[in-house]
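Undergrad: In my numbering, the protein residues as written are -2 to 333.
Backbone N, C-alpha and C fix where the C-beta goes; we use that ideal spot for every residue, glycine too.
Input: one structure, supplied below.
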Ligand code: UT7
C-alpha cells in the first residue's frame, strides 16, 4: 500500500478584477455591506469580450503550472479528477476537455460534483487510486466560471456578490513513506438540505422546454439560490466537526496544525473556525478578500498561494476543510 503526496500546485484566475464598487453599478449593494458580511473586496470575473477563458481552459492553465512544478509531463499523468459546479457544457464534464486541451494520452477523466467540497472529494478520489497502486500520478483540478451564470441585478445580490471565477490544480504522486503525504480524508453529506444551496434548472427537474414555455419574467430557477443564514449556521458546525474528525483519526491535537486552509466561503466562517481551534492568523490562510468564493477552486487556489508564500513547508501538518451545497463537507489531513 502506497501513500500519495502533492508534488506540484498551480492556480489561474482571470485578469478581469471586479471590485465591490463595480458591483454597485449593477445592483443595489455597497462595499461596506459586502466587506462587513463576507470580507470580500474584489473578485475575478471572466470578461467574455476580452477573454476566451472557460472552466476547462482555466483548469488546464492551472494544471500546466502544477505539472511543471511537480516535474511531470502530460505523458506522466495517469488520471484526471476534475471538480466543478460550472462545467463548460451540461455534458460532457470538464475532465475530458482538460485531457484534450493538454494533449494528453487517452487516460481516464472523472468529474466530481460536490460544489464547495469538490476539491477535497476529488483529492480523496485521487488519493485512493494512488493508495491502491492503480495509478502513480493523478491530476486533481478545481475550476469554476461562476460569473457567466449569476443574476447580476439587485434580485440576485445575496448570492452574486460572493462568487468569483478561477482554477487551482494539484499533481498527486505516489509516496513510499506512509507517514508523509495525504494521511486521511473525511467526506460527508446531508442531502436533505440540497435545496438550501442549489441551482435547479436546466435539469431533468426543470427542463429548458418548461422554462421557456412558462415565459415567466420572474423565473429564477437557472440562477443559484442560497439560504445564506441557514448555510452559514451549518457551515460553522460542520467545518469544526470535520477538522476535529481528521485530527482525532491521526492522533493529532489543535496545536499540531501548522496551517489550516479552509474553503473560502466567507471570512466570518474562517474566523469562527480559527477562534474555535485557537489558531493564530499565521495558521489560517485566507484570500477570499481578493477572489471571493470560487467554490471547488478555492482550496487549491489558496493552497497554491500559501505554498508560493513559503507558508507550506516540508514536515508541516496541513489541514484542508470545506463545506457547501449538498450539503457536503470534507477535510484532509496532510503531512507535507
Ligand atoms: O461556499 C458555500 C457555502 N456558502 C456559505 O457558506 C455562505 C454562508 N452564508 C453567508 O455567508 C451569509 O449568509 C451571506 C454573506 C450570504 C449573507 O449575509 P447575512 O448576514 O446572512 O445577510 P442576510 O442574507 O440575512 O441579509 C441581511 C440583509 C437583508 O436585508 P433586510 O431583509 O434585513 O432588509 C438582505 O436583503 O442584507 C440584504 N442584502 C444585501 N444588502 C446589500 C443581501 N445581500 C445584499 C447585498 N448588498 N449584496
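Tell me the rounded alpha-carbon separation between residue 221 and residue 330.
TA: Each residue's Cα considered, the two are about 31 angstroms apart.
Undergrad: Just checking residue 155 against the ligand UT7 - is the residue's beta carbon closer than 7 angstroms to any of the ligand's heavy atoms?
TA: Yes, Cβ of residue 155 sits closer than 7 angstroms to a heavy atom of the ligand UT7.
Undergrad: Would the C-beta of residue 111 count as close to the ligand UT7, meaning under 7 angstroms from any of its heavy atoms?
TA: Every heavy atom of the ligand UT7 is 7 angstroms or more from the Cβ of residue 111, so no.
Undergrad: Could you tell me whether the segment 49 to 66 touches the segment 135 to 151, using the rule of 3 or more Cβ pairs below 8 angstroms?
TA: Yes, the segment 49 to 66 is in contact with the segment 135 to 151.
Undergrad: Under the three-state reduction of DSSP, which class applies to residue 87: helix, strand or coil?
TA: Residue 87: coil per DSSP, three-state reduction.
Undergrad: Measure the beta-carbon distance from residue 327 to residue 182 and round it to whole angstroms, keeping in mind my assumption that it falls under 8 angstroms.
TA: At roughly 7 angstroms, the Cβ-Cβ gap stays under 8 angstroms, so residue 327 and residue 182 are in contact.
Undergrad: Assuming contact is defined by CB atoms lying nearer than 8 angstroms, are residue 128 and residue 75 in contact in what I supplied?
TA: For residue 128 and residue 75, no; Cβs fall outside 8 angstroms.
Undergrad: Quick one: what's got a C-beta closer than 6 angstroms to residue 187's C-beta in the same chain, skipping five residues either side?
TA: Here the set comprises 324.
Undergrad: Taking the alpha-carbon positions, what's the residue 256 to residue 184 distance?
TA: If you take the alpha carbons of residue 256 and residue 184, they lie about 20 angstroms apart.
Undergrad: Taking DSSP as the reference, what is the three-state secondary structure of residue 179?
TA: Of the three classes helix, strand and coil, the one that applies to residue 179 here is strand, per DSSP.
Undergrad: Is the closest heavy atom of the ligand UT7 to the C-beta of residue 40 under 7 angstroms?
TA: No, the beta carbon of residue 40 sits no closer than 7 angstroms to any heavy atom of the ligand UT7.
Undergrad: Can you list, in chain order, the stretches of the alpha helix (DSSP H) that have 4 or more residues and sit fully within the segment 203 to 270?
TA: 205 to 211 and 225 to 246, all fully within the segment 203 to 270.
Undergrad: I'd like the ranges of any beta strand (DSSP E) spanning at least 3 consecutive residues and lying wholly in the segment 94 to 163.
TA: For the segment 94 to 163, whole beta strand (DSSP E) runs of length 3 or above, ordered along the chain, are 105 to 109 and 134 to 141.
Undergrad: Tell me whether residue 295 sits in a helix, a strand or coil according to DSSP, three-state version.
TA: Helix.
Undergrad: Express the C-alpha separation of residue 3 and residue 180 in angstroms, rounding to a whole number.
TA: Approximately 12 angstroms between the Cα atoms of the pair.
Undergrad: Using a Cβ-Cβ cut-off of 8 angstroms, state whether residue 318 counts as contacting chain C.
TA: Any reference to chain C falls outside this structure, which holds one protein chain only.
Undergrad: Can you give the Cα-Cα distance for residue 203 and residue 209, rounded to whole angstroms?
TA: Taking the straight line from one Cα to the other gives about 10 angstroms.
Undergrad: Since residue 0 is in the alpha helix (DSSP H), which residue starts that stretch and which ends it?
TA: Not the alpha helix (DSSP H): residue 0 falls in the beta strand (DSSP E), residues 0 to 9.
Undergrad: Here's the rule I'm using: 16 or more other beta-carbon atoms within 10 Å means buried, otherwise exposed. How should residue 164 be labelled?
TA: So residue 164 counts as buried.
Undergrad: Near residue 57, which residues of its chain fall below 6 angstroms by C-beta distance, leaving aside the five closest residues on each side in sequence?
TA: Closer than 6 angstroms at Cβ, skipping near neighbours: 95, 98 and 99.
Undergrad: Relative to the alpha-carbon of residue 161, which residue among 155, 253, 144 and 174 has its alpha-carbon at the smallest distance?
TA: Checking every option, the nearest Cα to that of residue 161 belongs to 144.
Undergrad: Under the three-state reduction of DSSP, which class applies to residue 54: helix, strand or coil?
TA: Three-state DSSP puts residue 54 in a helix.
Undergrad: Is DSSP giving residue 284 helix, strand or coil here?
TA: Residue 284 falls in the coil class under three-state DSSP.
Undergrad: Residue range of the beta strand (DSSP E) that residue 31 falls in?
TA: Note, residue 31: premise wrong, no beta strand (DSSP E); alpha helix (DSSP H) at 28 to 35.
Undergrad: Measuring alpha carbon to alpha carbon, tell me which residue in 151, 176, 253 and 172 is nearest residue 135.
TA: Looking at the Cα atoms, 172 is the closest of the given residues.
Undergrad: The ligand UT7 and residue 152: does any heavy atom of the ligand fall closer than 7 angstroms to the residue's C-beta?
TA: No; taking the cut-off as 7 angstroms, the Cβ of residue 152 has no heavy atom of the ligand UT7 nearer than that.
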